[in-house]
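So the protein sequences, as listed, match chains A and W.
All letters in the first sequence, in the order written, are residues 17 to 181 by the working numbering.
All letters in the second sequence, in the order written, are residues 2 to 258 by the working numbering.
Each residue gets a CB set at the ideal place from its N, CA and C atoms; glycine is no exception.
Down below is the structure, laid out as structure tokens.
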Amino acid sequence: MKTTAYALLVCAFCLLQATWLNALKVFSVKPDLLLIAMIIATLNFKPGKALALSVYIGVLKDVFSPFPVGLHTLLFPLWSLFIVALSKKIVIDSILLYSVLAAIIVILQSIGARTVLVFLGETMPPGVFLRIMILGALYTAFAMSVIWKLVKPLIEYRDAEDTIL
Amino acid sequence: MFRLNKKKLGIAGISFSCVLLLAVIVPLTRPSLLNVLKLPLSFLQFVSDEFNGFVFYHRNMIQNAILKKEIAILRQKLIEYDDVVLENARLNALFDFKQKTSYRVIAARVVGSSVDDWSSVAIVDKGTSQGIRNGFVAVGYKGLIGRVIEAGSRSSKVMLINDPNLSVSAVVQRSRQEGLVSGSLSGSLVMRYLPLESDITVSDTIITSGLSQVYPKGIPIGKVVSVGYEFSGLSRYALLKPFVELSRLEEVLIIIP
């Protein structure tokens, strides 16, 4: 799949997350499509392109967030680097591993983001934090398997075309 | 020992600096980026509304019948209310009280929401070109919705009252007991800092106090659903159900002070 086509797909994901996904909220939590898009990009594109895509996805996410700094613009490339480093140690090729990875990153991102925001003076009750973190991780992991099944043929179709050419 | 490749280190340093710079710039460019995304967002919202119209046709039909009945009752009450207003005006004139000015409002349509679960924000299709500024209060037909935190030229972000970062000074309508209402990112709000002897019970109505001068006085916020004691045992708290259905917002009214 071409990088530009994937970038457009990510934009569509972002718009869906801001509108239609509100109907699929469970206990005020919805799956993080942009984080899923970042993981898929990192595991299926070359590291340079994947890093650029993760910055782009981070910027898109920050456009809709009320935080005073572009937190996701900073965090997403870091997760991308983390996944690249991890994929050199273990082979991440099954849908289960994709989902586990998504859940781990959601948990780490929640802890990281909240820590930064506490220093910026924004507080949140621990119960709310745990609810969003745990449910968010599970829901995103579930959505990861569904999205990957939908996106995989698109990515592999283009790859196959490139190989033939 | 580490062997540093100067070229790679330089590229990594420059890349990191660029990302860091971008992270600082992104919040400043949000309004213009949101303006670009406003059109597809509006379209998706429109499709979603139409789809909901079809799917929930039966529910809407029943709701419509109930609302028609409610309108009939409220019309009757409005007539009685008009009499009270006229009487109030006459009495105020007698005592030379300054008349409270009515609010000027701008109606805005909700076109999107926050993409993460850590904040409760609605994106509306009106901005500074329509007279909206940061800090303006957003209300619904039933009560308080939130506050404008970022006004772009043709779109704005409204932080909703169920966001934990938004606190509203409030009072119990019946007993005038003061407290601070804040969100919990769920369907309920929490009213804190209530003294142990505070006069508050289930089904009390909570309204804005007007003490902070940010929110006009008397805007309904929610109804008390339960009252409990804080973990420290030094004060009480109350859980409220907001009057406005915050998860299904379609339109907001923004008060121009």
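Assign residue i to buried or exposed, taking buried as 16 or more other Cβ atoms, counted over all protein chains shown, within 10 Å of its Cβ.
{"i": "Q125 (chain A)", "result": "buried"}
{"i": "D78 (chain A)", "result": "buried"}
{"i": "N38 (chain A)", "result": "buried"}
{"i": "H88 (chain A)", "result": "buried"}
{"i": "L115 (chain W)", "result": "The sequence shown places Ser at residue 115 (chain W), not Leu. That one is buried."}
{"i": "C19 (chain W)", "result": "exposed"}
{"i": "A90 (chain W)", "result": "exposed"}
{"i": "V167 (chain A)", "result": "buried"}
{"i": "G54 (chain W)", "result": "exposed"}
{"i": "S213 (chain W)", "result": "exposed"}
{"i": "I127 (chain A)", "result": "exposed"}
{"i": "V27 (chain W)", "result": "buried"}
{"i": "Y22 (chain A)", "result": "buried"}
{"i": "V65 (chain W)", "result": "For clarity, residue 65 (chain W) is Asn in the given sequence; the question names Val instead. Its Cβ having fewer than 16 others within 10 Å, N65 (chain W) is exposed."}
{"i": "N163 (chain W)", "result": "buried"}
{"i": "L92 (chain W)", "result": "exposed"}
{"i": "I201 (chain W)", "result": "buried"}
{"i": "P169 (chain A)", "result": "exposed"}
{"i": "K99 (chain W)", "result": "Because the pLDDT of K99 (chain W) is 44, which lies under 50, any placement of that residue in the model is unreliable, and the number read from its coordinates should be weighed accordingly. By the 10 Å Cβ count, K99 (chain W) comes out exposed."}
{"i": "F122 (chain A)", "result": "It should be pointed out that residue 122 (chain A) corresponds to Val in this sequence rather than to Phe. Buried."}
{"i": "P243 (chain W)", "result": "buried"}
{"i": "I74 (chain W)", "result": "exposed"}
{"i": "R76 (chain W)", "result": "exposed"}
{"i": "A66 (chain A)", "result": "buried"}
{"i": "I55 (chain A)", "result": "buried"}
{"i": "A123 (chain W)", "result": "buried"}
Rounded to the nearest angstrom, how far is the Cβ of residue i from that of residue j, given a contact under 8 Å?
{"i": "V159 (chain W)", "j": "T209 (chain W)", "result": "Not really, about 16 Å apart at Cβ, beyond 8 Å."}
{"i": "R110 (chain W)", "j": "V125 (chain W)", "result": "7 Å"}
{"i": "A57 (chain A)", "j": "W119 (chain W)", "result": "Between W119 (chain W) and A57 (chain A) the Cβ distance is about 22 Å, and since that is not below 8 Å, they are no contact."}
{"i": "P165 (chain W)", "j": "G184 (chain W)", "result": "5 Å"}
{"i": "L59 (chain A)", "j": "I108 (chain A)", "result": "6 Å"}
{"i": "Q174 (chain W)", "j": "T206 (chain W)", "result": "4 Å"}
{"i": "L264 (chain W)", "j": "L31 (chain A)", "result": "Any answer about residue 264 (chain W) is impossible in this case: the structure gives chain W only from 2 up to 258."}
{"i": "V85 (chain A)", "j": "A24 (chain W)", "result": "6 Å"}
{"i": "P155 (chain A)", "j": "P47 (chain A)", "result": "Here residue 155 (chain A) turns out to be Tyr, not Pro, going by the sequence shown. Yes, they are in contact, since the Cβ atoms of Y155 (chain A) and P47 (chain A) sit about 5 Å apart, within 8 Å."}
{"i": "K127 (chain W)", "j": "I107 (chain W)", "result": "6 Å"}
> Between the segment 134–142 of chain W and the segment 243–253 of chain W, do three or more beta carbon pairs fall short of 8 Å?
Replying inline: yes
>> Against chain W, which members of the segment 64–82 of chain A pass a CB distance test of less than 7 Å?
In response: V71, V75, K77, D78, V79, F80, S81, P82
> What are the residues of the segment 28–45 of chain A that lie near chain W, defined by any Cβ-Cβ distance shorter than 9 Å?
Replying inline: A28, C30, L31, L32, Q33, A34, T35, W36, L37, N38, A39, K41, F43, S44, V45
> When Cβ atoms are compared, which residues of the segment 148–159 of chain A fall closer than 7 Å to chain W?
Replying inline: I148, G152
> When Cβ atoms are compared, which residues of the segment 44–73 of chain W fall closer than 7 Å to chain A?
Replying inline: L45, Q46, S49
> According to a CB-to-CB cut-off of less than 9 Å, which residues of the segment 147–163 of chain W neighbour chain A?
Replying inline: I150, E151, K158, M160, N163
>> Taking beta-carbon pairs under 9 Å, can you tell me which members of the segment 109–128 of chain W lie near chain A?
In response: V112, G113, S114, S115, V116, D117, D118, W119, S120, S121, V122, I124
>> Can you pull out the residues from the segment 107–131 of chain A whose beta carbon lies closer than 9 Å to at least one beta carbon of chain W?
In response: S126, A129, R130
>> Along the segment 161–185 of chain W, where does the CB come closer than 7 Å to a CB of chain A? Name the residues.
In response: P165, N166, S185
>> Using a Cβ distance threshold of 8 Å, determine whether the segment 62–82 of chain A contacts the segment 107–120 of chain A, with at least three qualifying pairs required.
In response: no
> Can you give, in chain order, each stretch of the beta strand (DSSP E) that sits fully within the segment 127–212 of chain W and has at least 3 residues?
Replying inline: 138–140, 145–152, 157–161, 168–173, 179–184, 190–195, 206–209
> Using a beta-carbon distance cut-off of less than 7 Å, what residues from the segment 88–101 of chain A approach chain W?
Replying inline: T89, L90, P93
> What are the residues of the segment 221–253 of chain W that lie near chain A, defined by any Cβ-Cβ distance shorter than 9 Å?
Replying inline: S248, R249
> Taking only runs of the alpha helix (DSSP H) that begin and end inside the segment 5–36 of chain W, which ones reach a length of at least 4 residues, in chain order?
Replying inline: none
>> Within 8 Å, do at least three Cβ pairs link the segment 90–101 of chain A to the segment 33–44 of chain W?
In response: no
>> Counting beta carbon pairs with one atom in the segment 215–230 of chain W and one in the segment 69–84 of chain W, are three or more of them shorter than 8 Å?
In response: no
>> My parser needs the alpha helix (DSSP H) runs of 4 or more residues fully inside the segment 31–117 of chain A; what are they?
In response: 49–60, 63–80, 87–105
>> Counting only Cβ-Cβ distances shorter than 9 Å, please list the residues of the segment 20–33 of chain W near chain A, keeping chain order.
In response: V20, L21, L23, A24, V25, I26, V27, P28, T30, R31
> For the segment 53–64 of chain A, which residues have a beta carbon sitting closer than 7 Å to at least one beta carbon of chain W?
Replying inline: none
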